[in-house]
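Residue numbers (full-length UniProt numbering): 1 to 125. Glycine included, C-beta positions come from ideal geometry on N, C-alpha and C. Computed from a prediction, not measured in an experiment: that's the story for all the values here.
Take a look at the structure:
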């Protein structure tokens, strides 16, 4: 739902601002999961993460469309899809190893830091 509703917003607002908002909507709840004390909190924070990711992907695809000429766009989108898949795989692998060794909530804390750093970087642009 978030991805579908982002089309008109992406066309009417600065893309970097929307991407920053999406990154914060992923990073802050991911960081907050570290402090969860019940399943309701976990569910709410994970839902926010899903909405943020649903916002971020269309924004990134529109930025790719802006940055690359038509002839190079297919390759750029293919590379984006490969990198998204690679990132999901590495994130799940890291979460599995870290969760088994230091606790289920630490991967959320650790993996939220690069997202929040990226959000801070794009906010500064």
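query: In whole angstroms, what is the alpha-carbon distance linking residue 30 and residue 6?
result: Between residue 30 and residue 6, the C-alpha separation is close to 21 Å.
field: Cα-Cα separation between residue 8 and residue 26, rounded to whole angstroms
entry: When only Cα atoms are considered, residue 8 and residue 26 end up about 21 Å apart.
message: Looking only at its chain, what residues have a beta carbon closer than 8 Å to the beta carbon of residue 80, apart from the 5 residues adjacent to it on each side?
response: Contacts found: 60, 61 and 64.
query: residue 122: which of 43, 24 and 93 sits nearest, CA to CA?
result: When only C-alpha atoms are compared, the closest one is 24.
- prompt: Exposed or buried, which one is residue 107 when buried takes at least 16 other CB atoms within 10 Å?
  reply: Buried, since its Cβ has 16 or more Cβ neighbours within 10 Å.
field: Validate contact between the stretch 32-40 and the stretch 102-117 using beta carbons, cut 8 Å, 3 pairs
entry: Counting Cβ pairs under 8 Å, three or more are found: they touch.
task: Return the CA-CA distance between residue 92 and residue 104, expressed in angstroms with no decimal places.
output: Taking the straight line joining both Cα atoms gives about 12 Å.
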